[in-house]
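Asks: Sending over a structure as structure tokens; questions will come in a sec.
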Amino acid sequence: MWPPSSKLLTLALATLSLASTPYPLHEDDLSYTEGKLQNNQQQQQQQQPQQGSWRDTRHHSSSQYRDVPPILQDQRGLSRDYFQTEDRQRRQTEQPYDENSFSGKLRRDLLSDYDAVAFPWESVWEESGWVQPGQSTNTSDASNIVRTGLPVEVGINYYRILSVDVTMSIADIYVWFHEKWYDPRLTWNPDDYGGVEQIWFWIGDDKSEIWTPDIELWNQESSLSESLSNEYAVVKFDGHILWSRAGHLRPVCNFEGLTKFPFDTLSCVIEIGSWVYSGKYLRPTLMDETGFTFGARGITGEAYAEFKLTDVSTEVHVYPPFPLSPEEDWPAILYTITFSRAWQPYIRGYLLLQIILNLTAMACFWLPPHCGERMLLGMTSLLASVTSDLVVSEKLPSVNEVTSFDNFSIMSRIFIALVLFETAMVIYFYYLTADSLTPRWIAWMIKKKETHKPNPRSNAKQKSFLHLKEMQNNIFWQKLSRNIDEFSRVAFPVGYAIGIG
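Counted the way the numbering used here counts, the sequence shown spans residues 3 to 503.
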């Protein structure tokens, strides 16, 4: 055994090492370190060490721990993640149960001959009246019995719609996913184990201590094993098991109601069932007759969210069996989730902007035709409208259906285009000097050109006459352009209001 002074020195060094760690240690880590110290002392008592210092003990073969006491070897250079990983591995692999506690004895007895891969399906079939081959006295009655699978209750606690990608038809929902089933191999009498009525078993992707039903999201973007966390399952003494996990549901949705964007209320159907086992082995059912609940929204929060969950409905749908397996149907639970979109940001950021741009374009009607900025104002409004439309269009899929957003966008751009056309027409009339709108090449075809030569003496008088006639024609066309502007000042706003209404 170590001398008392060496033992006190080792404890002091261990205390200093624990105090110098850059992270807070948990009680499990301290108790774990204490247990290792006691084990080291017991090993020193059983095996007489050689004379010398603690450097001669062979607890570690690595050279980096050769000059460190055994009590400090587990505290040198370790981080928080290391302690959490090592503690979890210790609970699952090194010491899954304590032999000196009732819980440890119960775990040992339950897992001694337990197969976490297979399930005794015959125990479920016997409840429906089925008997094993060779034990039936009436074979005709036994052949008419339909074997039903293990009921697995499924319940989803919906908390929040995290995101909805309508272009990819994917939704991301934060949930608590509950599963409840019965395992006849995990039953015991609490009186035999000190009144222990429930126990916990670890279920994870890499290693699970007990068998778990194969429940999967059928229309999945990512599987439940990837989107849900690994947690312990609670096992009651009567064999009923409850497994609750927090995480995300990422279904691929066939959204309905998108045609009313941005005033739409979308719905998505989630299919949950067994991927491997048919209804002959597993039958998903609704937990507590509804199969869903709503979480504490005051904690998780739906403030400042684009989508809010409004309604959930459930239905158990049974798909018919394949011709080669008439006894095996495929039951599934259908969750129809309805959520509404926050339309106020689209009103402020797009619809109101489009209305302002259209009114700005209509301001061209008050500008004089000879003002060069009149056409520039209309073109700028059109370009700004198209740019705003492209930003919002990125949130919508490229489909054949026409949404309310498309109708409004098309109407706004048509009116701005009409404003530009009216502006071009007014400017053309304002500078027009011809006596009619007939093109010259058409007039030349109707009336032949005179062949006689003009009198040189009358050139000055003729030019003066033509100038006066063009001025009179121009006065007429300018008056017409003013009338067109006056009519457009009233007709365009009224027509636009009716169009978007």
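Glycine included, C-beta positions come from ideal geometry on N, C-alpha and C.
Is it a yes or a no for the stretch 339-354 touching the stretch 317-331, going by three-plus beta-carbon pairs under 8 Å?
Replies: With a cut-off of 8 Å, the stretch 317-331 and the stretch 339-354 do not count as touching, because too few Cβ pairs lie within range.
Asks: For S142, which of helix, strand or coil comes out of DSSP?
Replies: Annotation note: pLDDT 49 at S142 (below 50); position unreliable, no value reported.
Asks: Would you say R350 faces chain B, with C-beta separation under 7 Å as the test?
Replies: Checking the listed chains, one finds no chain B in this structure; it contains a single protein chain.
Asks: Would you give the residue range spanned by the beta strand (DSSP E) that I425 belongs to?
Replies: With the sequence shown as reference, residue 425 is identified as Thr, and Ile is not the correct amino acid for it. Here T425 belongs to no beta strand (DSSP E); instead the alpha helix (DSSP H) covers S406 to Y432.
Asks: Pick helix, strand or coil for I339, following the three-state DSSP scheme.
Replies: Looking at I339 - three-state DSSP - the assignment turns out to be strand.
Asks: Would the stretch 222-238 count as touching the stretch 309-319 if we require 3 or more Cβ pairs under 8 Å?
Replies: Output reads no: the stretch 309-319 does not touch the stretch 222-238.
Asks: To the nearest angstrom, how far is the alpha carbon of E181 from that of S231?
Replies: So the two alpha carbons sit approximately 14 Å from each other.
Asks: So within the stretch 339-408, which uninterrupted alpha helix (DSSP H) runs reach at least 4 residues, ignoring any that extend past its ends?
Replies: Taking only runs of at least 4 residues, the alpha helix (DSSP H) segments lying wholly in the stretch 339-408 are 354-364 and 375-395.
Asks: Locate the alpha helix (DSSP H) running through E308, then write down its first and last residues.
Replies: It is not in any alpha helix (DSSP H) - E308 carries neither H nor E in the DSSP assignment.
Asks: Whole angstroms are fine: how far does the CA of T312 sit from the CA of T214?
Replies: The alpha-carbon atoms of T214 and T312 are separated by roughly 32 Å.
Asks: I'd like to confirm the pairing. Which residues does DSSP put opposite E291 in its beta bridges?
Replies: E291 is not bridged to any residue.
Asks: Out of A365, I217, M364 and K397, which one is the CA nearest neighbour of W183?
Replies: Ranking A365, I217, M364 and K397 by Cα distance to W183 puts I217 first.
Asks: Helix, strand or coil for A248? Go by DSSP, reduced to three states.
Replies: The answer is strand: DSSP assigns A248 an E or B state.
Asks: Classify L188 as buried or exposed, calling it buried when 16 or more other Cβ atoms lie within 10 Å of its own Cβ.
Replies: Looking at its Cβ environment, which holds 16 or more other Cβ atoms inside 10 Å, L188 is buried.
Asks: Residue range of the alpha helix (DSSP H) that G106 falls in?
Replies: F104 to L113 is the extent of the alpha helix (DSSP H) around G106.
Asks: DSSP state of P441, grouped into three classes?
Replies: Reduced to three states, the DSSP call for P441 is coil.
Asks: Could you tell me the boundaries of the alpha helix (DSSP H) in which V168 lies?
Replies: Per DSSP, V168 belongs to no alpha helix (DSSP H) and is neither H nor E.
Asks: So, at 7 Å on beta carbons, what are the nonlocal neighbours of Y306 in its own chain, with the 5 sequence-adjacent residues on each side left out?
Replies: For Y306, where only same-chain residues beyond five positions count, there are no Cβ hits under 7 Å.
Asks: Keeping to the same chain, check which residues put their C-beta closer than 7 Å to that of L108; ignore five residues upstream and five downstream.
Replies: The residues are W190, Y195, V198 and I201.
Asks: Give me the DSSP bridge partner(s) of R285.
Replies: Answer is P153, bridged to R285.
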